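The structure appears below as structure tokens.
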Amino acid sequence: MRSRWLALLAVGLVGGGLVRIGEESPSNFEPAKLAEFVVRLSGFTGGVCVVLEGDVELALSLGKRGRFVVQALYGGRSQVEGARRAIRERGLYGRICADLWSPPRLPYAENLVNILVAPDFEGLHGKGLKAEEVFRVLRPLGVALLGVKRRVREVERALRTAGFVEVRSLRGLGLWVLGRKPWPRNIDEWTHFTHGPDGNPVAKDEVVGQPTRLQWVSRPLWLRAHDTDSSIMAVVTARGRMFYFEDKAPIGLPGDHPLPDNWHLVARDAFNGVLLWEVPIRGFGWREWKDTWYCRRSWDIPLNVHRRLVAVGERVYVTLGYNAPVSELDARTGEVLRTFEGTRNAREILVCQGNLIASVKEHNGLRLVAL
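Under my numbering, the first residue of the sequence shown carries the number 34, and numbering increases by one thereafter.
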């Protein structure tokens, strides 16, 4: 039965227009199956999910799939209290929560939400919720799944008018209209230490400017100490994800103590800060590149430390150690897909037009490797 449902799901992903992906009625969809469907379709493994006036079981099912922070919104206090009790009984309150709201405005900043599910969008639309408001809160590449009963074409037109792409209707597990927020032309990526493989540290971004607010805040709120190497290094972004090196060792412990550094490669959603994954980095830190933690210039670190992390599309290229070879990781999950031979002691990584280029340290100098 499961394989049959997944096969029908695949048909739903490929086709356009009205697509049949099952036989469940709109009033009798299974929350677990719907959660699995929307997460697969979205392509996200973590982020912020919002369920509008839906079954709390749907919020619970979404919270169990990947590293998602889920909020269920309801128009009545009794609904909120009932949802909170159900979440607490499962021991999941915090990562999953419920709150009160009223249309037409959603209680979120722009470009924040990865997945939004509204099982009765027609009813909410009648109360003032517009497709433009859903579009506003979704982060670029975010997905909206809106439940409808009759007015399918009208809702499709509303999504397209609001700016959604990949708009389609899905029948099965209920009747739904799906849309994805496109990547804005005026938001650039920062895939290498100096923007791109050309080394020109100038973005083609038209949104960045003088800071006026914080989109999100995450740990570490303080670094280990001001007189030793920074706890955050080599920040790059691609497809709305942020990647960086972080030392998770206890703060306030600089100096020649026996406690080792605790470096990780960390991935977060760049629009809401939700932690997606982290991978340990071995043989990394000041002991690998200098004899003492303190110098006259305590921030003096090798210039190539920041140049060994590159993110392009759905892939991350990195050395998982100061003298380690180049590894290719799945940007969605952090899984190591392969490690490239002949790249041990790589000092810089570039990815240009699909080609991986590494500068590798040898006894008599540097060797260029192109893969």
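Where is the CB? At the ideal position from N, CA and C, for every residue including glycine.
For clarity, every value in this text was computed on a predicted model and none was experimentally measured.
Coarse secondary structure for residue i, derived from DSSP in three states
i: Arg377; result: coil
i: Pro64; result: helix
i: Thr270; result: strand
i: Trp310; result: strand
i: Arg340; result: helix
i: Val72; result: helix
i: Arg246; result: coil
i: Gly159; result: helix
i: Ser135; result: coil
i: Ala364; result: coil
i: Leu315; result: Checking the displayed sequence, the identity of residue 315 turns out to be Arg instead of Leu. Note: Arg315 maps to coil in three-state DSSP.
i: Phe278; result: strand
i: Trp322; result: helix
i: Glu56; result: Residue placement at Glu56 is flagged as unreliable, the pLDDT there being 37, under the threshold of 50; a coordinate-derived value is accordingly withheld.
Whole-angstrom distance between residue j and residue i, CA atom to CA atom
i: Val83; j: Phe278; result: 30 Å
i: Val384; j: Val299; result: 20 Å
i: Glu368; j: Leu203; result: 32 Å
i: Leu162; j: Gly285; result: 49 Å
i: His228; j: Val167; result: 31 Å
i: Leu308; j: Ser251; result: 9 Å
i: Asn378; j: Pro234; result: 25 Å
i: Ser392; j: Val188; result: 53 Å
i: Asn337; j: Leu401; result: 15 Å
i: Arg73; j: Thr261; result: 43 Å
i: Val210; j: Glu69; result: 16 Å
i: Val387; j: Gly156; result: With the sequence shown as reference, residue 387 is identified as Gly, and Val is not the correct amino acid for it. Taking the straight line joining both Cα atoms gives about 47 Å.
i: Leu171; j: Ala191; result: 16 Å
i: Ile334; j: Arg257; result: 16 Å
i: Lys237; j: Lys214; result: 20 Å
i: Asn305; j: Leu404; result: 34 Å
i: Arg169; j: Gln248; result: 14 Å
i: Ile220; j: Gly196; result: 16 Å
i: Asp280; j: Gly316; result: 12 Å
i: Tyr350; j: Arg341; result: 8 Å
i: His396; j: Gly375; result: 14 Å
i: Leu353; j: Ile314; result: 5 Å
i: Leu389; j: His297; result: 23 Å
i: Lys182; j: Ser75; result: 23 Å
i: His339; j: Pro230; result: 13 Å
i: Met34; j: Arg110; result: Low local confidence applies: a pLDDT of 40 at Met34 is under 50, so the model's placement there is unreliable, with the coordinate-based value given in what follows. Approximately 39 Å between the Cα atoms of the pair.
Residue span of the alpha helix (DSSP H) that contains residue i, given as start and end
i: Ile120; result: 110-122
i: Ala191; result: 185-195
i: Val167; result: 164-170
i: Leu93; result: 89-96
Cut-off 6 Å between Cβ atoms - residues of its own chain near residue i, not counting five sequence neighbours on either side
i: Ala142; result: none
i: Ala282; result: Asp294, Asn295
i: Thr372; result: Pro358, Ser360
i: Ala116; result: Val89, Ala105, Ala131
i: Glu321; result: Tyr355
i: Tyr126; result: Ile120
i: Glu347; result: Ala364
Residue interval of the beta strand (DSSP E) (run including residue i)
i: Ala391; result: 388-395
i: His225; result: His225 -> no beta strand (DSSP E), and no H or E assigned at all.
i: Arg201; result: 198-204
i: Arg100; result: 100-107
i: Asn233; result: It is not in any beta strand (DSSP E) - Asn233 carries neither H nor E in the DSSP assignment.
i: Tyr126; result: Looking at the DSSP string, Tyr126 is not in any beta strand (DSSP E), and its letter there is neither H nor E.
i: Val181; result: Here Val181 belongs to no beta strand (DSSP E), and DSSP marks it neither H nor E.
i: Ile148; result: 146-151
i: Gly300; result: First, the amino acid is wrong: residue 300 is Ala here, not Gly. From DSSP, the beta strand (DSSP E) with Ala300 extends over 296-302.
i: Ala357; result: Ala357 -> no beta strand (DSSP E), and no H or E assigned at all.
i: Gly398; result: 398-403
i: Gly79; result: 79-85
i: Thr460; result: In the structure as shown, the chain starts at 34 and stops at 404, and residue 460 therefore has no counterpart that could be examined.
Close beta carbons around residue i, own chain, < 7 Å, minus the five adjacent residues each side
i: Arg193; result: Val200
i: Arg100; result: Thr78, Gly79, Val307, Leu308, Leu309
i: Val113; result: Tyr107, Ala131, Asp132, Leu133
i: Ala303; result: Thr270, Gly273, Arg274, Met275
i: Val405; result: Beyond the ends of the chain as shown, which are 34 and 404, falls residue 405; an answer cannot be given.
Own chain, CB closer than 8 Å to residue i, minus 5 neighbours either side, in chain order
i: Val185; result: Leu51, Ser202, Leu208, Val210
Test: residue i CB closer than 7 Å to a CB of chain D
i: Val170; result: Here chain D cannot be found, since the structure has a single protein chain.
Using 8 Å as the Cβ pair cut-off and three pairs as the minimum, do the segment 119-135 and the segment 82-99 touch?
yes
Cβ pair count under 8 Å reaching 3, the segment 122-131 against the segment 100-107:
Counting Cβ pairs under 8 Å, three or more are found: they touch.
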